[in-house]
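A.B. asks: Going from the sequence shown to full-length UniProt numbering is simple: count from 1 and add 544. Ideal Cβ positions, reconstructed from N, Cα and C, are used throughout, including at glycine. A quick note: this is a predicted structure, and the numbers were derived from the prediction, not measured. Shown below is the structure under consideration.
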Amino acid sequence: DAKASGGRGVRLYEPDRDTNDPRRLTLVAELRAALQDGQLHVHVQPQARLATGEVRGVEALVRWPHPERGFIPPDEFIPVAERSGLVGPLTTFVLNASLAACAAWRAAGHDLGVAVNLSARSLQNADLVDEVTRLLRRHGVPADRLTLEVTESSIMADAARAVALLHRLRDLGVRLSVDDFGTGYSSLSYLKRLPVQEVKIDRSFVISLREGGEDVAIVRAIIDLGRHLGLEVVAEGVEDQVTADLLAGMGCDIIQGWHLGRPMPTGELQPWLATHARPSRGRGGLRVV
Ligand code: C2E
Ligand code: MG
Ligand code: MG
Ligand code: MG
């Protein structure tokens, strides 16, 4: 994973790669306990259509407020979960919490979708199809209100198996999205063969958009590619109005980022919708007021 192993900063020590490291073993034991004790939470971050300002849904992001060590970012504990067999229970937890929240919003008259991240391990687990079926039924959420986000590198870990699983998930009616697009082994030709409906431009490109430079060309190319393949294009990491306007001008469909709203506890979304989600359609596209 290019991001976890450096990207914009060099990480000198990676405890999750060292199976004998005592800190890693402690983290595994603590994560297992956290899952059992209900210490993990799901936060949600809104996504809005640039053309209309409509909040079309949210992305679910797992949170672990560790009792002693404070907030541990998911980029740190997801790899640990992956290597210790805990990612299955973690994914089940996030799916269940996300669909429960989605059902509650729908009952309150907000027909929102919810996007859940899948890790590489989950993409190798054929039981996921039954699991998703069961959870959709349990919460009475239509399949097309659930989007599953996968990264290029997580598919590439075992592409044949992953792609087969994606087809089975797609057969359920679930939406599929390629997350962090542009950072992995981006193969433009395989994108067209994947049964996905959406691409998410990685936030590293979006964040530097307003500075001009090469990332402008990359973002433009991803948007054009997505449009030509009939995919919805989501930009993540949109931190300001200037960036939102630039993306609108390039034909991006949907934005997600601090400009619109920070990730928040599921229970805060409805109050947020009531007080913040009054976007207007100015000439420059969506304006958050
Ligand atoms: P991601 O799926 O690409 O999620 C987007 C990340 O961008 C989130 O980081 C989010 O908090 C952050 N973000 C959103 N808007 C902005 C912005 O305007 N500016 C900046 N600088 N950042 C923004 P987070 O929550 O720390 O999650 C990091 C990664 O951890 C996620 O990247 C995803 O790969 C993984 N992750 C999070 N939750 C889950 C989960 O439930 N399951 C799995 N398998 N992975 C998860
Ligand atoms: Mg994601
Ligand atoms: Mg992403
Ligand atoms: Mg990511």
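Whole angstroms are fine: how far does the CA of Arg567 sit from the CA of Pro611?
C.D. replies: C-alpha separation (whole angstroms): 16 Å.
A.B. asks: So, under 8 Å CB-CB, Gly726 and Ile762 are touching, yes? Tell me the CB distance rounded to an integer number of Å.
C.D. replies: Contact flag correct, Cβ pair sits at about 6 Å.
A.B. asks: At which residues does the alpha helix (DSSP H) containing Ala664 begin and terminate?
C.D. replies: Counting along the chain, Ala664 falls outside any alpha helix (DSSP H), and DSSP gives it neither H nor E.
A.B. asks: Helix, strand or coil for Val760 per DSSP?
C.D. replies: Helix, per DSSP.
A.B. asks: Taking 7 Å as the cut-off, is the beta-carbon of Asp759 closer than that to any non-hydrogen atom of ligand 3?
C.D. replies: Flag unset: Cβ of Asp759 not near ligand 3.
A.B. asks: To the nearest angstrom, how far is the alpha carbon of Gly770 from that of Val740?
C.D. replies: Between Gly770 and Val740, the C-alpha separation is close to 11 Å.
A.B. asks: As a quick exercise: from Gly597, Asn640, Leu690, pick the residue whose alpha carbon is nearest that of Gly582.
C.D. replies: Nearest of Gly597, Asn640, Leu690 to Gly582, Cα basis: Asn640.
A.B. asks: Less than 8 Å between the CB atoms is what I'm expecting for residue 897 and Leu571, so what's the real figure, rounded?
C.D. replies: Here the chain covers residues 545 to 833 and nothing more, so residue 897 does not appear.
A.B. asks: Quick one: Cα of Ala818 to Cα of His654, how far?
C.D. replies: For Ala818 and His654, the distance between alpha carbons rounds to 11 Å.
A.B. asks: Quick one, which of Glu598, Trp608, Gly597 has its alpha-carbon nearest Gln580's?
C.D. replies: Checking every option, the nearest Cα to that of Gln580 belongs to Trp608.
A.B. asks: Does DSSP put Ala592 in a helix, in a strand, or in coil?
C.D. replies: DSSP places Ala592 in strand when its eight states are reduced to three.
A.B. asks: Taking Val658 and Ala645 to be in contact with their CB atoms under 8 Å, please state how far apart those CB atoms are, rounded to whole angstroms.
C.D. replies: Going by Cβ atoms, the distance from Val658 to Ala645 rounds to 7 Å, so yes, they are a contact pair.
A.B. asks: Starting from Gly601, trace the beta strand (DSSP E) in both directions and tell me its first and last residue.
C.D. replies: Residues 599-610.
A.B. asks: Using the beta-carbon count (16 or more within 10 Å), is Gly601 buried or exposed?
C.D. replies: Under this definition Gly601 is a buried residue.
A.B. asks: Who are the near neighbours of Arg827 in its chain, counting only those whose CB is closer than 7 Å to its CB and skipping five residues on each side?
C.D. replies: Note that Arg827 scores a pLDDT of 47, beneath 50, so its modelled location is shaky and nothing firm can be said.
A.B. asks: Use the C-beta contact count for Arg719: other C-beta atoms within 10 angstroms, 16 or more gives buried, fewer gives exposed.
C.D. replies: Classification for Arg719: buried.
A.B. asks: Below 7 Å, is the gap between the Cβ of residue 533 and the nearest heavy atom of ligand 2?
C.D. replies: Any answer about residue 533 is impossible in this case: the structure gives the chain only from 545 up to 833.
A.B. asks: So, helix, strand or coil for residue 849, using DSSP?
C.D. replies: The displayed coordinates of the chain run from 545 to 833. Any statement about residue 849 would go beyond what the structure contains.
A.B. asks: Can you tell me which residues form a DSSP beta bridge with Glu721?
C.D. replies: The residue asked about is misnamed: residue 721 is Ser in this sequence, not Glu. Partner(s): Glu693, Glu742.
A.B. asks: How big is the Cα-Cα spacing for Arg650 and Asp565?
C.D. replies: Their backbone Cα atoms lie some 45 Å apart in a straight line.
A.B. asks: In the DSSP assignment, what are the bridge partners of Gly774?
C.D. replies: Bridge partners of Gly774: none, in fact.
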